[in-house]
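UniProt numbering numbers the first residue of the sequence shown as 1 and each following residue consecutively.
Cβ coordinates follow ideal geometry from the N, Cα and C atoms, glycine included.
Below is one structure, written out as structure tokens; comments come after it.
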Amino acid sequence: MQDVFVYQGLRTPFGKVGGALAGQRPDDLAELVISTLVEQAPGLTPENVGEIVGEVIFGNANGAGEENRNVARMAWLLGRLPVSVPATTINRLCGSSLDAAISGARQIALGETDVILAGGVESMSRAPWVLPKTERPFPMTNLELVNSTLGWRLINERMPAEWTVSLGEATEQLRERHGIDRERMDAFAARSHELAARAWAEGHLTDLTVAVPGVDLTTDETIRGGVTAEKLAGLRTVFRRENGTVTAGNASPMNDGASAVWLGSAAGGEQLGLTPQVRIAGWAAAANEPQYFGYAPVEASNKALKRAGIGWGEVGAVELNEAFAAQSLACLDAWDIDPEIINAWGGAIAIGHPLGASGTRVLATLAKRMQRGGERWGVATLCIGVGQGLAVVLENAN
1 MQDVFVYQGL RTPFGKVGGA LAGQRPDDLA ELVISTLVEQ APGLTPENVG
51 EIVGEVIFGN ANGAGEENRN VARMAWLLGR LPVSVPATTI NRLCGSSLDA
101 AISGARQIAL GETDVILAGG VESMSRAPWV LPKTERPFPM TNLELVNSTL
151 GWRLINERMP AEWTVSLGEA TEQLRERHGI DRERMDAFAA RSHELAARAW
201 AEGHLTDLTV AVPGVDLTTD ETIRGGVTAE KLAGLRTVFR RENGTVTAGN
251 ASPMNDGASA VWLGSAAGGE QLGLTPQVRI AGWAAAANEP QYFGYAPVEA
301 SNKALKRAGI GWGEVGAVEL NEAFAAQSLA CLDAWDIDPE IINAWGGAIA
351 IGHPLGASGT RVLATLAKRM QRGGERWGVA TLCIGVGQGL AVVLENAN
């Protein structure tokens, strides 16, 4: 098995639902990050790119609209890149693009190819309304449109009701189980905004992003400077629940955006003309009860660390996708690690969570943090709806 490295990561700034990127098709957003990474790789030319890139693997959590089922292939073709390069799209909901990176890493490790372009995209603004077909033609009753933006849809009646509660209700149940209070949640959310605003101001995220042409968006649209826990404490809860604690302020927003990374073997890096940032040392998936999806990163990360042959005591940097403050805190408590090593440049509560794009965002951010901070070991991880988690362990290549 050959070593697998992350060579470069790139994403768009993330826009809010109905915001600056709402006019951009998801396949166009994906094409932008793909074409930019191809252009920025010194070793790639129009003549050799079709020979060097083994496959394009993208994550996407919807797929029912303009993604046209296989957005990886659509985006590559939109870039007028060689038709000989295969492409596939993976759907593991919020973990889709991290799953894409894992799939690419597996191919490289097995020696099937030396270079993979992995990423993900989501336009939650443009997620379609779904009108199910009827069993018989010409129905005489009203039909109901289903919103495909987020969460459960067209649920099978055989599915246990406790599994199909809303994401917010599921988070409330997780919070109760692990004793997470509203004060901690709001403080964690305020920290996310503070660190994200600082990271942009200090230039940490600038070379991780590419501007979307024709759009006035230079930073992530949902970051709010000056947010405090005291201000967040005044927000009403979103979900109808007695003594509820989950608000729009301590949960990730809905967003639009795309992200991608170059993965390769040592030989692949030479072909790309890029220097390795980190080595992918291990990965793992885990699953638990659907309503406790927010806790699944705990076991996924523990399994990935075991496969990498290290423990939490050696980890110096963590990127945990902040779906909700409550689930992030539950994971942090379970790992019993220094909270300062988590999301040092802000997290999804501030930056945003365009479902299919978040995995390679946290992966690329972690790689860049480790390059600048010098940490040897890092963990990138996400919770995934319906009770799953993914994690990747990185080792600094320097």
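**Study point:** Rounded distance between the beta-carbons of Ala-317 and Gly-378, thought under 8 Å
**Key:** 4 Å
**Study point:** Runs of alpha helix (DSSP H) wholly within the region 89–159 (minimum 4 residues, chain order)
**Key:** 96–109
Point to revise | Whole alpha helix (DSSP H) elements within the region 325–389, 4-residue minimum | key: 325–335, 348–351, 358–373
Check your understanding: Which residues in the same chain as Thr-113 place their Cβ atom closer than 7 Å to its Cβ, once the five residues preceding and following it in sequence are excluded?
Key -> Gly-54, Glu-55, Gln-107
Check your understanding: So, using beta-carbon positions, are Gly-79 and Glu-122 closer together than 8 Å?
Key -> no
Check your understanding: When the distance is taken between beta carbons, is Ala-300 closer than 8 Å to Cys-94?
Key -> no
**Study point:** Boundaries (first-last residue) of the alpha helix (DSSP H) holding Leu-305
**Key:** 296–308
Review point. If you draw a straight line from the C-alpha of Arg-191 to the C-alpha of Gly-249, how long is it?
Key: 12 Å
Check your understanding: What residues in its chain sit with their C-beta under 6 Å from that of Leu-44, if we drop five residues either side in the sequence?
Key -> Val-38
Review point. Which residue spans inside the region 25–89 form an unbroken beta strand (DSSP E) run of at least 3?
Key: 55–59
Review point. What is the residue span of the alpha helix (DSSP H) that Gly-168 lies within?
Key: 167–178
Check your understanding: Three or more beta-carbon pairs under 8 Å between the region 284–293 and the region 331–345, yes or no?
Key -> no
Check your understanding: Among Glu-157, Val-49, Pro-276, Leu-390, which has the Cα closest to the Cα of Leu-320?
Key -> Leu-390
**Study point:** Nonlocal neighbours in the same chain, by C-beta distance under 6 Å from Glu-289, ignoring five residues either side
**Key:** Gly-387
Review point. When burial is assigned at 16 or more other CB atoms within 10 Å of the CB, is Lys-16 buried or exposed?
Key: buried
Exercise for review: Would you check if the distance between the CB atom of Ser-252 and the CB atom of Val-4 is smaller than 8 Å?
Suggested key: no
Check your understanding: Hey, quick one: how far does the beta strand (DSSP E) through Leu-263 stretch, first residue to last?
Key -> 255–264
Point to revise | Neighbourhood of Asn-255 by C-beta distance below 7 Å, restricted to the same chain and skipping five residues each side | key: Phe-14, Gly-15, Lys-16, Val-17, Met-124, Thr-222, Gly-352, His-353, Pro-354
Check your understanding: Whole-angstrom Cβ separation of Val-71 and Pro-26, contact assumed at under 8 Å?
Key -> 6 Å
Practice item. Taking Trp-76 as the reference, give the member of Leu-29, Leu-208, Thr-12 with the closest Cα. Key: Leu-29
Practice item. For the beta strand (DSSP E) holding Leu-10, just list the boundary residues, first then last. Key: 5–11
Exercise for review: Could you tell me how far apart the beta carbons of Val-392 and Ile-280 are, in whole angstroms, since I believe they sit closer than 8 Å?
Suggested key: 6 Å
Exercise for review: Output yes or no for whether 8 Å exceeds the beta carbon distance between Ala-364 and Arg-11.
Suggested key: yes
Exercise for review: Give the DSSP-derived three-state secondary structure of Glu-319 in the structure shown.
Suggested key: strand
Practice item. Look at the alpha carbon of Met-140 and the alpha carbon of Leu-131, and state the distance between them as a whole number of angstroms. Key: 15 Å
Check your understanding: Under the DSSP definition of a beta bridge, which residues are partnered with Thr-247?
Key -> Thr-237
Review point. Which residue comes first and which comes last in the beta strand (DSSP E) that contains Ala-285?
Key: 278–287
**Study point:** Residues that DSSP places opposite Glu-395 in a beta bridge
**Key:** Arg-279, Trp-377
Practice item. Can you check DSSP and say which residues form a bridge with Gly-15? Key: Asp-256
Practice item. Have a look at Ala-87 and Thr-245 and give me their C-alpha separation to the nearest angstrom. Key: 42 Å
Practice item. Below 8 Å on the Cβ atoms is my guess for Arg-236 versus Thr-228; work out the distance and round it to an integer in Å. Key: That belief does not hold up - the Cβ atoms of Arg-236 and Thr-228 are roughly 17 Å apart, past 8 Å.
Review point. Cα separation between Glu-176 and Gly-356?
Key: 28 Å
Point to revise | Residue(s) in a DSSP beta bridge with residue 467 | key: The question about residue 467 has no answer here: the residues shown for the chain are numbered 1 through 398.
Point to revise | Pairwise C-alpha distance: Gln-8 and Val-36 | key: First, the residue type needs correcting, since residue 36 is Thr and not Val in the sequence shown. The alpha-carbon atoms of Thr-36 and Gln-8 are separated by roughly 11 Å.
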